[in-house]
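Peer 1: Below you will find the structure I want to go over with you.
In the numbering used here, the protein residues as written are 107 to 417.
So, in structure tokens, the structure goes:
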């Protein structure tokens, strides 16, 4: 039985090895799912079990700034795992799918060159598609074999979680973080200003100094309600794209149902997460990496306080 513990990641014994007289493709893990489903947490969990580095594929989290609004994984939550394309891009420029494809290909090549596992994680499925199904030269598929993990949460449950998360972001200072990005002319079409949580505050920032306290609070609540609604709409679109990749483009995607974790967030949340998500995911990745590897693997994550926010 193989036990995966923090600091005891298992070697990638078959990455780039010879098999049946020919070079086997390097291997890459992709973690996908709707916003708030726990993608970032799972990617770090896996990186404590296998020697890995993480590549962010969320187009908004790629920008520098707005860490609260974009819900970037914190340094503490990263647990020392190297992260790429996270908070590195100029917030005033556009980071396109082609930019992501080129940067992530370079990162994947560098990571595998260090004999480590690239884990690509994020909610921008159009960016993942641009990387994996590039119509020009199929640079990714010609060199890499990939395994997709889908962290799924039933929409009624996810809606409640999203609402709670927005309230938490509000308490963490979201309004003051967004204030410098306010555009008097209402231009939120470029860079990080496109992030949900920025344009929704436009009306509030324009009028907050001109109205009484009751009206100001009403404007603030309206902005928060719009953020919640727009985040849920984004989640619906993300899920539709995942289903399209699975059903139309025939990507082989392993679905992990995290609904029980979010349905009862105060009932042993870490145990529930490990049982429903982290452990099954580690089994899938072990089989993917080691081919004949069976289910005799125990995922032993670090002891952490009850989670209140998943990304």
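Backbone N, C-alpha and C fix where the C-beta goes; we use that ideal spot for every residue, glycine too.
Where are the beta strand (DSSP E) runs, 3 residues long or more, that stay fully inside the stretch 198 to 278, in chain order?
Peer 2: The stretch 198 to 278 contains these whole beta strand (DSSP E) runs: 223 to 227 and 250 to 258.
Peer 1: Since I believe residue 296 is in contact with residue 200 (beta carbons under 8 Å), could you give me their beta-carbon distance rounded to a whole number of angstroms?
Peer 2: Within the chain shown, numbered from 1, the residue matching residue 200 stands at position 94. Within the chain shown, numbered from 1, the residue matching residue 296 stands at position 190. Contact between residue 200 and residue 296 holds, since their C-beta atoms are separated by about 6 Å, short of 8 Å.
Peer 1: Taking the alpha carbon of residue 390 as the point to measure from, which residue in 152, 239, 242 and 261 has its own alpha carbon closest?
Peer 2: Position 284 of the chain shown, counted from the first residue, corresponds to residue 390. Nearest C-alpha to residue 390 among 152, 239, 242 and 261: 152.
Peer 1: In the DSSP output, which residue or residues are listed as bridge partners for residue 195?
Peer 2: As a position in the chain shown, residue 195 is number 89, starting the count at 1. Residue 195 pairs with 169.
Peer 1: Tell me the rounded alpha-carbon separation between residue 206 and residue 160.
Peer 2: Position 100 of the chain shown holds residue 206. Position 54 of the chain shown holds residue 160. About 14 Å.
Peer 1: Quick one: using the 10 Å Cβ neighbour count with 16 as the cut-off for buried, is residue 222 buried or exposed?
Peer 2: Residue numbering aside, residue 222 sits at position 116 when the chain shown is read from its first letter. Per the 10 Å Cβ criterion, buried.
Peer 1: Report the rounded CA-to-CA distance for residue 216 versus residue 133, giving the unit in angstroms.
Peer 2: Numbered from its first residue, the chain shown carries residue 216 at position 110. Numbered from its first residue, the chain shown carries residue 133 at position 27. Computed Cα separation, rounded: 13 Å.
Peer 1: Counting only runs that start and end within the stretch 283 to 322, where is the alpha helix (DSSP H) found for 4 or more residues in a row?
Peer 2: 308 to 313
Peer 1: Please report the straight-line C-alpha distance between residue 163 and residue 194, rounded to a whole angstrom.
Peer 2: On the chain shown, position 57 is the one that residue 163 refers to. On the chain shown, position 88 is the one that residue 194 refers to. Those two C-alpha atoms are separated by around 12 Å.
Peer 1: From residue 368 to residue 266, what distance separates their C-alpha atoms?
Peer 2: Taking the chain shown and counting its residues from 1, the one referred to as residue 368 is at position 262. Taking the chain shown and counting its residues from 1, the one referred to as residue 266 is at position 160. When the Cα atoms are used, residue 368 and residue 266 turn out to be separated by approximately 9 Å.
Peer 1: Starting from residue 356 and walking both ways along the beta strand (DSSP E), at which residues does that stretch end?
Peer 2: On the chain shown, residue 356 is found 250 positions in, with the first residue counted as 1. Careful: residue 356 lies outside any beta strand (DSSP E) and carries neither H nor E.
Peer 1: Which stretch, first to last residue, makes up the alpha helix (DSSP H) that contains residue 182?
Peer 2: To locate residue 182, count along the chain shown from 1; it is residue 76. Counting along the chain, the alpha helix (DSSP H) containing residue 182 begins and ends at 181 to 184.
Peer 1: Nearest to residue 96 by CA position, among 211, 238, 137 and 326, is which residue?
Peer 2: In the structure displayed, the chain extends from 107 to 417; residue 96 sits before or after that span and is not available.
Peer 1: Pick out whichever of 343, 148, 157 and 263 has its Cα sitting closest to the Cα of residue 219.
Peer 2: Indexing the chain shown from 1 puts residue 219 at position 113. Answer by Cα proximity: 157.
Peer 1: Going by C-alpha distance, which of 319, 308, 182 and 253 is nearest residue 392?
Peer 2: Counted from its first residue, the chain shown places residue 392 at position 286. Of the candidates 319, 308, 182 and 253, the one whose C-alpha sits nearest the C-alpha of residue 392 is 253.
Peer 1: Under the rule that 16 or more other beta-carbon atoms within 10 Å means buried, what is residue 212, buried or exposed?
Peer 2: The sequence position of residue 212 within the chain shown is 106, counting from 1. Exposed: under 16 other Cβ atoms inside 10 Å.
Peer 1: Of the residues 143, 341, 333 and 290, which one's Cα is nearest the Cα of residue 276?
Peer 2: Counting from one through the chain shown, the residue named residue 276 turns up at place 170. The shortest C-alpha separation from residue 276 is found at 333.
Peer 1: Once the 5 residues before and after residue 204 are set aside, which same chain residues still bring their CB inside 7 Å of it?
Peer 2: Translated into positions along the chain shown, residue 204 becomes position 98. If the five residues before and after residue 204 are omitted, its C-beta is found closer than 7 Å to the C-beta atoms of 236, all from its own chain and listed in chain order.
Peer 1: Within the same chain, show all residues whose beta-carbon is closer than 7 Å to that of residue 209, passing over the 5 residues directly before and after it, in chain order.
Peer 2: Reading the chain shown from its first residue, position 103 is the one you call residue 209. Around residue 209: 191.
Peer 1: Less than 6 Å between C-beta atoms, sequence neighbours within five positions excluded: which residues of the same chain meet that for residue 320?
Peer 2: Here residue 320 is taken as the residue at index 214 of the chain shown, counted from 1. Closer than 6 Å at the Cβ level, and outside the excluded window around residue 320, lies no residue.
Peer 1: In this structure, what does DSSP give as the bridge partners for residue 420?
Peer 2: Because residue 420 is not part of the residues shown, which for the chain are 107 to 417, the question remains open.
Peer 1: Count the other CB atoms within 10 Å of the CB of residue 251; is the residue buried (16 or more) or exposed (fewer)?
Peer 2: By 1-based counting over the chain shown, the position of residue 251 is 145. Per the 10 Å Cβ criterion, exposed.
Peer 1: Based on DSSP bridge pairs, tell me the residues matched to residue 139.
Peer 2: Translated into the one-based positions of the chain shown, residue 139 becomes position 33. Note: residue 139 sits in a beta bridge opposite 257.
Peer 1: Quick test of your reading: residue 166 and residue 335, contact by CB under 8 Å. State the CB separation rounded to the nearest angstrom.
Peer 2: Taking the chain shown and counting its residues from 1, the one referred to as residue 166 is at position 60. Taking the chain shown and counting its residues from 1, the one referred to as residue 335 is at position 229. Residue 166 to residue 335, Cβ: 17 Å. No contact.
Peer 1: Pick from 358, 298 and 323: whose alpha carbon is nearest that of residue 197?
Peer 2: As a first step, residue 197 must be located in the chain shown, where it is residue number 91. When each option's Cα is compared against that of residue 197, the closest is 298.
Peer 1: Could you give the DSSP three-state label for residue 132: helix, strand or coil?
Peer 2: The residue you call residue 132 lines up with position 26 of the chain shown. Assignment of residue 132 by DSSP, reduced to helix, strand and coil, places it in the strand class.
Peer 1: Using the C-alpha atoms, what's the distance from residue 142 back to residue 241?
Peer 2: The sequence position of residue 241 within the chain shown is 135, counting from 1. The sequence position of residue 142 within the chain shown is 36, counting from 1. About 30 Å.
Peer 1: How close, in whole Å, do the beta carbons of residue 324 and residue 306 come, if the pair is a contact with beta carbons under 8 Å?
Peer 2: In the chain shown, the residue the question calls residue 324 occupies position 218. In the chain shown, the residue the question calls residue 306 occupies position 200. That pair is no contact at about 14 Å.
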